[in-house]
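Numbering-wise, our numbering comes out as the position in the sequence shown, counting from 1, plus 53.
Glycine included, every Cβ here is placed at the ideal spot set by N, Cα and C.
Let me begin by presenting the structure, written as structure tokens, before commenting on it.
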Amino acid sequence: MRTELVSEPGDASRPNEDFAAVGLPASGQGGCVVVLDGVTPPRDGAGCLHSVPWYTARLGGALTELAVSHPDLTLPEILSRAIRRTADAHSATCDLSHPRTPQATVVLARWTQDTLDHLVLSDSALLLRSPDGTVTPVLDDRLDRIPRAWLASEAVCDARARNKEGGFFTAAADPEVAARAVTGTLPRHEVRALAALTDGATRWVEKFREGDWTALFDVIRKEGARAPVDRVRERETADREERAFLGRGKTHDDATVVYAEL
């Protein structure tokens, strides 16, 4: 088994809000990949004493531990338990009802000798490569389908779309959100390799249109997990003044890529 993990902050002066891990059970059978993209809070705060990196470390650690130690649990059950465990860690000190309480997108994949289970919540991506080279993206595209007017400002987004019916969902403090995730199960022999990426890395496809998901996967497989991050940084820098691709978005975003050959 071959694995690679690269996670780079968008701004070296700020903590990386992504989380990534590869877990291998003590039995040596199977494994898991966990990738989270923490949601940057508004400047006026989120009702919480803790930072987004604190939250993603807690949630990511719980997901990794549960995925490798509880093969009896489904991935939505694991996500639900991890969210509850993380919420319990700061419910006595923080306002977890705040719409911007620390939260994250989630990619979770777990495999055994026989099957591969996967879960995606919000706009991070999971790419699965079959033995014949076909690359299948597993995406939660709800954010792309909501009216653009609902994203006009942070206040409008929080009121109309964030963790609401008809909008999009992230892992925050409500364990029930796990039921909203995009999930699936495949026979292990149908997946040769996988890649999990936060949207800071998928910009290569989704923002800059440098290639499709298959092309992105080929870059990772042939050149390594750092290659797409480096390419995104080059395109971000080139677009800094023109803003032809990124619009009002961040020039540089945290970018994470995890690659695993099964």
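| request: Evaluate the contact criterion for the region 115–130 versus the region 192–199: three or more CB pairs, one atom per stretch, below 8 Å. | output: They do not touch, by the three-pair rule.
| field | Among PHE270, ARG153 and VAL188, nearest to ALA226 - alpha-carbon criterion | value | Between ALA226 and the set PHE270, ARG153 and VAL188, the nearest pair of CA atoms involves ARG153.
| Should GLN166 be labelled buried (16 or more other beta-carbon atoms within 10 Å of its own) or exposed? | Flag for GLN166 reads exposed.
| task | Would you mind listing the alpha helix (DSSP H) stretches within the region 85–158 that are 4+ residues and don't spill past its ends, in chain order? | result | With a minimum length of 4 residues, the unbroken runs of alpha helix (DSSP H) contained wholly in the region 85–158 fall at 105–122 and 128–141.
| VAL235 - partner residues in DSSP beta bridges | For VAL235, which the question treats as bridged, DSSP gives the partners VAL173.
| Among ALA162, PRO129, THR187 and PRO68, which one has its Cα closest to the Cα of TRP266? | Measuring from the Cα of TRP266, the nearest candidate turns out to be THR187.
| query | Just checking my contact of VAL160 with LEU181 at CB under 8 Å: how many whole Å lie between their CB atoms? | reply | Taking C-beta atoms under 8 Å as the contact rule, VAL160 and LEU181 fail to qualify, at a distance of about 11 Å.
| query | Which same chain residues, not among the five before or five after LEU89, have their C-beta less than 7 Å away from its C-beta? | reply | Contacts found: ASP71, PHE72, THR109, LEU112, GLY113, ALA157, THR158 and VAL159.
| task | Measuring only between beta-carbons, confirm whether ALA79 sits less than 8 Å from chain D. | result | Annotation note: the requested chain D is absent from the structure, which comprises a single protein chain.
| field | Alpha-carbon to alpha-carbon, PHE222 and PRO94 | value | C-alpha of PRO94 to C-alpha of PHE222: approximately 16 Å in a straight line.
| According to DSSP, is ALA73 helix, strand or coil? | Note: ALA73 maps to strand in three-state DSSP.
| Residue range of the alpha helix (DSSP H) that includes ALA280 | The continuous alpha helix (DSSP H) containing ALA280 extends over residues 279–291.
| Using a Cβ-Cβ cut-off of 6 Å (strictly less than) and excluding sequence neighbours within five positions of HIS151, which residues of its own chain qualify? | Within the same chain, HIS151 has close Cβ partners ALA99 and GLY100.
| Near ARG55, which residues of its chain fall below 6 Å by C-beta distance, leaving aside the five closest residues on each side in sequence? | Cβ neighbours of ARG55 beyond the five flanking positions: GLU314.
| task | Apply the 10 Å Cβ neighbour rule to THR139 and answer buried if 16 or more other Cβ atoms are within range, or exposed otherwise. | result | Buried, by the Cβ-count rule.
| With burial defined as no fewer than 16 other Cβ atoms inside 10 Å of the residue's Cβ, what is the status of ARG293: buried or exposed? | Around the beta carbon of ARG293, fewer than 16 other beta carbons sit within 10 angstroms, so the residue counts as exposed.
| Which of the three DSSP states, helix, strand or coil, is assigned to THR304? | Collapsing the DSSP output to three states places THR304 in coil.
| So, is THR146 buried or exposed, given that buried needs 16 or more other C-beta atoms within 10 angstroms? | Per the 10 Å Cβ criterion, exposed.
| field | Beta-carbon gap between VAL311 and ALA268 smaller than 8 Å | value | Result no, Cβ atoms of VAL311 and ALA268 do not sit closer than 8 Å.
| said: Quick check on PRO306: buried or exposed, where buried means 16 or more other Cβ atoms within 10 Å of its Cβ? | reply: Just to set this straight, residue 306 is Asp in the shown sequence, not Pro. Buried is the call here.
| request: Could you please give me the residues that DSSP links to TRP164 through a beta bridge? | output: DSSP lists GLY84 and LEU169 as partners of TRP164.
| Residue range of the alpha helix (DSSP H) that LEU192 falls in? | Counting along the chain, no alpha helix (DSSP H) covers LEU192, and no H or E run does either.
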